[in-house]
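Q:
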Amino acid sequence: MDYTLAQYQQPAFDQLGFDGTKEKLVNQLGYPEEVLDFVYDHKIWTRGLIIDTARGNFLKIDRHKYVRVAYHGLEMISSTTRKVLYSKNFNKVESFSEKSYVNMDTLFQFVDAHLFALLVDLKDNGEYEFLDSKTYAEIYKEIRECVDLCHRDGVIKDEVARNPEKYIVLDNGMVPMLKRYRKDGMKLFLLTNSFWEHTSTAMNYLYHGKKVDEERQKKNEWLELFDVTICGSCKPAYMLDPYLQLFRVNMDDGSLKNTDGVYEMNALPNGAKDFLEIGNVFQGGNWQHLHKMMGIKSGDEVLYVGDHLYSDVLRSKRTLGWRSLFIMPELEDEMRVFAQTLPIRRKIEYLRRLREELSRNAEEIRRRQDNDDPSVQKLLQEMDDDDMTIKATLAPLVDQWHRSFHPLWGAMFNAGYQDSRFSFFVQNYSCLYTSRATNLGLVSTQKSFRTVMETVPNDRLVSDPQTTLDDANPWI
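Counting in my numbering, the sequence shown runs from 282 upward without gaps.
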């Protein structure tokens with residue numbers, strides 16, 4: 282639900298968690314009073330980064346796990362230092378899956394990242410003995426605990442319930458889209474880590490288009506959109522642990538009642554049908570309960586729509602074989618900037634092709650000619666000089682192209698000239714990706730999405746039309 286059906290207003294929603302976490306760090310854990318003066322800036326961050334909690338660094342890596350951009354706190358790390366810290370060697374090859382690394386796969390993590398970066402800088406200033414006594418990893422752990430507590434103790438959810446218009450983006454296409462899928466015979470389920478109280482608040486607002494009073498809210502008409510609603514699901518454990526207990530939710534007060542899950546369904550005369558007639562709102566459980574309630578025989582019968590690259594997309598695909606639709610609100614801006622910067626990209630592609638042509642010609646000369654011949658040496662030196670000139674022209678163009686997307690981190694789908702690690706996971710684990718869930722309402726419920734025919738580099742040597750450099754020159 283969160284950041285899938287319910288998109289949140291930025292930076293207003295994050296500000297709740299940011300302010301609540303600052304207060305807890307100072308008043309409960311003894312952090313310096315200066316922390317209360319920290320200012321939140323969500324525009325600094327983007328998804329797909331990796332937090333090195335041991336060093337206080339933020340990394341952007343490519344699909345081959347090379348670090349392309351790195352910051353220590355909010356200070357950029359030089360290329361030389363970056364390569365020393367994260368270079369591959371026989372003694373240690375970074376996998377970035379160790380416990381000290383945290384993937385920024387969800388928009389919720391922007392608050393964690395910004396507080397951590399500011400506290401890294403404050404610790405490095407050396408003004409507070411309290412911070413000097415803590416490691417970067419300890420600071421991050423305490424930030425994470427305080428942010429989690431803000432989600433649990435009402436600092437965030439109570440304020441959203443009081444004023445949903447301020448914090449939740451109203452998408453008028455959601456209800457018609459879901460009703461259409463129901464009308465056409467599709468079975469729908471809602472699976473969220475949010476507990477019943479917040480789920481009810483958000484979905485009532487999205488369903489009615491306004492905050493509803495308590496009497497109306499208890500009706501929860503939005504439940505008619507789903508065959509099964511599961512709150513507090515504890516993803517990704519929901520998709521991994523077959524022993525998690527399923528509870529039935531009392532919608533009036535949020536209290537829970539034990540169920541015997543699959544055993545209870547098997548014992549009833551009409552199985553899952555009788556089980557759901559008792560009530561179709563649950564907390565916890567695991568995928569086995571969901572498959573039984575929905576009559577799912579195999580994973581590929583499910584199209585799971587979610588925003589979390591790890592908990593939603595990767596886990597559901599790897600473990601259960603579900604089809605997945607990844608929701609990426611940033612996609613619309615990425616595509617807009619990509620279209621605007623096509624002239625720059627074409628120049629980059631042309632110059633890289635020109636370098637490749639120079640390299641190929643130089644290699645041919647070295648292979649065929651006498652390299653001791655002074656005229657050959659002079660020609661090769663001229664070609665090397667030309668290559669360095671092109672390289673010097675390329676660097677600012679590539680930097681300009683990346684900064685058009687984000688001033689610090691560049692394009693989400695690219696790291697240097699390579700696909701970013703984020704791009705690699707999106708392409709390999711999501712069957713589809715789009716900017717918002719309601720885009721499903723723009724196509725028929727019977728729509729089949731087909732992949733393009735994939736190619737490998739040697740295929741393109743044969744199949745791509747061979748154009749001359751003059752034909753590809755964007756300056757002509």
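No residue lacks a Cβ here, since even glycine has one placed at the ideal position from N, Cα and C.
(1) Do valine 530 and leucine 521 have their C-beta atoms within less than 8 Å of each other?
(2) Give the C-beta separation of leucine 601 and valine 586 to the nearest angstrom, bearing in mind that I take them to be a contact with Cβ-Cβ under 8 Å.
(3) For lysine 341, which beta-bridge partners are listed by DSSP?
(4) The alpha helix (DSSP H) spanning glutamine 564 covers which residue range?
(5) Taking one C-beta from the segment 498-515 and one from the segment 553-571 each time, how about it: are there three or more such pairs within less than 8 Å?
(6) Which value, in whole angstroms, describes the spacing of the CA atoms of leucine 623 and glutamate 630?
(7) Would a C-beta distance cut-off of 8 Å place valine 350 and tryptophan 682 closer than the cut-off?
(8) Mind reading off the beta-carbon distance from tyrosine 591 to asparagine 384? Whole number of angstroms is fine, and I expect it under 8 Å.
(9) Counting along the chain, where does the beta strand (DSSP E) carrying arginine 604 start and finish?
(10) Could you give the first and the last residue of the continuous alpha helix (DSSP H) run that contains asparagine 642?
(11) Beta strand (DSSP E) containing phenylalanine 528: first to last residue?
(12) Which runs of the beta strand (DSSP E) at least 3 residues long sit entirely within the segment 368-402? Give them in chain order.
(13) For methionine 282, which of helix, strand or coil comes out of DSSP?
(14) Just confirm the distance between the C-beta atoms of glycine 565 and phenylalanine 528, as a whole number of angstroms; I'd bet it's less than 8 Å.
(15) Around the Cβ of methionine 616, are there at least 16 other Cβ atoms within 10 angstroms (buried) or fewer (exposed)?
(16) In whole angstroms, what is the alpha-carbon distance linking valine 493 and threonine 480?
(17) With a threshold of 16 other CB atoms inside 10 Å of the CB of glutamate 423, please say whether the residue is buried or exposed.
(18) In the segment 426-511, which residue ranges form an unbroken alpha helix (DSSP H) of at least 4 residues, counting only runs that do not cross its ends?
(19) Nearest to lysine 447 by alpha carbon, out of Lys415, Gln288 and Leu612?
(20) Am I right that proline 610 and asparagine 567 are in contact with their C-beta atoms under 8 Å? What's the rounded C-beta distance?
(21) Classify histidine 353 as buried or exposed, calling it buried when 16 or more other Cβ atoms lie within 10 Å of its own Cβ.
(22) Could you tell me whether the segment 537-550 touches the segment 469-476, using the rule of 3 or more Cβ pairs below 8 Å?
(23) Please list the terminal residues of the continuous beta strand (DSSP E) segment that includes aspartate 333.
(24) How would you label arginine 459, buried or exposed, when you count the other beta carbons within 10 angstroms and need 16 or more for buried?
(25) With a Cβ-Cβ cutoff of 8 Å, do arginine 425 and aspartate 452 count as a contact?
(26) Work out the CA separation of arginine 344 and phenylalanine 705 for me, nearest whole Å.
A: Result, derived from the coordinates:
(1) As a working mapping, residue 530 is identified with position 249 in the sequence shown. As a working mapping, residue 521 is identified with position 240 in the sequence shown. No. Outside cutoff.
(2) For the purposes of this step, residue 601 is taken as the residue at position 320 of the sequence shown. For the purposes of this step, residue 586 is taken as the residue at position 305 of the sequence shown. Incorrect: roughly 14 Å between the Cβ atoms, too far for contact.
(3) Here residue 341 refers to the residue found at position 60 of the sequence shown. Answer by DSSP bridge pairing, in chain order: Val350.
(4) As a position in the sequence shown, residue 564 is number 283, starting the count at 1. Note, glutamine 564: premise wrong, no alpha helix (DSSP H); beta strand (DSSP E) at 562-565.
(5) yes
(6) As a working mapping, residue 623 is identified with position 342 in the sequence shown. As a working mapping, residue 630 is identified with position 349 in the sequence shown. If I take the Cα positions, the gap works out to 10 Å.
(7) As a position in the sequence shown, residue 350 is number 69, starting the count at 1. As a position in the sequence shown, residue 682 is number 401, starting the count at 1. In this structure, tryptophan 682 does not lie closer than 8 Å to valine 350 by Cβ.
(8) By one-based count along the sequence shown, residue 591 stands at place 310. By one-based count along the sequence shown, residue 384 stands at place 103. Between asparagine 384 and tyrosine 591 the Cβ distance is about 6 Å, and since that is below 8 Å, they are a contact.
(9) Residue numbering aside, residue 604 sits at position 323 when the sequence shown is read from its first letter. Start and end: 604-608.
(10) The count along the sequence shown starts at 1 and reaches residue 642 at position 361. 623-649 is the span of the alpha helix (DSSP H), which, as asked, contains asparagine 642.
(11) Translated into the one-based positions of the sequence shown, residue 528 becomes position 247. Segment 527-530, the beta strand (DSSP E) holding phenylalanine 528.
(12) 382-384
(13) As a working note, residue 282 is residue 1 in the sequence shown. In this structure, methionine 282 counts as coil in the three-state DSSP scheme.
(14) Here residue 565 corresponds to residue number 284 of the sequence shown, with the count starting at 1. Here residue 528 corresponds to residue number 247 of the sequence shown, with the count starting at 1. Going by Cβ atoms, the distance from glycine 565 to phenylalanine 528 rounds to 5 Å, so yes, they are a contact pair.
(15) Along the sequence shown, read from residue 1 onward, the residue named residue 616 stands at position 335. By the 10 Å Cβ count, methionine 616 comes out exposed.
(16) Against the sequence shown, residue 493 aligns to sequence position 212. Against the sequence shown, residue 480 aligns to sequence position 199. The straight-line gap from Cα to Cα measures roughly 14 Å.
(17) Start at 1 with the first residue of the sequence shown, and residue 423 comes out as number 142. Label assigned to glutamate 423: buried.
(18) 438-443, 445-448, 455-464, 477-489 and 495-498
(19) Walking along the sequence shown from the start, residue 447 turns up at place 166. That would be Gln288, whose Cα lies nearest to the Cα of lysine 447.
(20) Sequence index remark: in the sequence shown, residue 610 carries index 329 (1-based). Sequence index remark: in the sequence shown, residue 567 carries index 286 (1-based). That belief does not hold up - the Cβ atoms of proline 610 and asparagine 567 are roughly 29 Å apart, past 8 Å.
(21) Within the sequence shown, the letter at position 72 stands for residue 353. Its Cβ being crowded by 16 or more others within 10 Å, histidine 353 is buried.
(22) no
(23) The sequence position of residue 333 within the sequence shown is 52, counting from 1. 331-333 is the extent of the beta strand (DSSP E) around aspartate 333.
(24) Residue 459 sits at position 178 when you count from the first residue of the sequence shown. The question names arginine, yet the displayed sequence has leucine at residue 459. Looking at its Cβ environment, which holds 16 or more other Cβ atoms inside 10 Å, leucine 459 is buried.
(25) Working through the sequence shown from its first residue, we reach residue 425 at position 144. Working through the sequence shown from its first residue, we reach residue 452 at position 171. No; because the gap between Cβ atoms is not below 8 Å, this pair is not in contact.
(26) On the sequence shown, residue 705 is found 424 positions in, with the first residue counted as 1. On the sequence shown, residue 344 is found 63 positions in, with the first residue counted as 1. In a straight line, the C-alpha of phenylalanine 705 is about 6 Å away from that of arginine 344.
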